[in-house]
Amino acid sequence: MKSLAELQAIKDRMKDKVVLREGTGDMRVVVGMATCGIAAGARPVLNALVEEVNKAGLSEKVTVSQTGCIGICQFEPVVEVFEAGKEKVTYVKMTAEKAKEVVEKHLKGGRVIAEYTLKDENL
Numbered sequence: 016m017k018s019l020a021e022l023q024a025i026k027d028r029m030k031d032k033v034v035l036r037e038g039t040g041d042m043r044v045v046v047g048m049a050t051c052g053i054a055a056g057a058r059p060v061l062n063a064l065v066e067e068v069n070k071a072g073l074s075e076k077v078t079v080s081q082t083g084c085i086g087i088c089q090f091e092p093v094v095e096v097f098e099a100g101k102e103k104v105t106y107v108k109m110t111a112e113k114a115k116e117v118v119e120k121h122l123k124g125g126r127v128i129a130e131y132t133l134k135d136e137n138l
């Protein structure tokens, strides 16, 4: 970085990602980022969610954030989707590819991907 203009350009590029993580959208997506989640691959999942939500133009509607331990370490990486007036959806054993599919089908299309969710019989 050699100038204030370059610093401003970096700030402008990163602005969308910060808004996604701190916004007040109608839908909140939370990724478990405790040591167990990170060790299981949660960081690429978080990055994929942020990038895909931005690409899909959902940044006004969806907030992506991270949290500590969700308490189901054997199912990491874990992603929870909170939407007003609906039950929480818990996606388990996520990958970046599955995260992209969740953005397209669930966050954008409104359809929960049941095969990726936590089922009571798994507990």
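Going by the working numbering, the residue at position 91 of the sequence shown is 106; the numbering climbs one at a time, nothing skipped.
Ideal placement from N, C-alpha and C gives every residue a C-beta, glycine not left out.
Bridge partners - residue i, DSSP secondary structure assignment
i, result
"glutamine 81", "Val46"
"glutamate 95", "Val45 and Thr105"
Residue i - containing alpha helix (DSSP H), residue span
i, result
"glutamate 75", "Run containing glutamate 75: none; DSSP gives neither H nor E here."
"glutamate 116", "111 to 117"
Own chain residues within Cβ distance below 7 Å of residue i, not counting five before or after
i, result
"proline 59", "Ala111"
"lysine 101", "none"
Host beta strand (DSSP E) of residue i (start-end)
i, result
"glutamate 67", "First-last for glutamate 67: 57 to 70, but that is the alpha helix (DSSP H), not the beta strand (DSSP E)."
Close beta carbons around residue i, own chain, < 8 Å, minus the five adjacent residues each side
i, result
"arginine 126", "Lys120"
Other residues of its chain near residue i: CB distance less than 6 Å, five sequence neighbours each side excluded
i, result
"lysine 17", "none"
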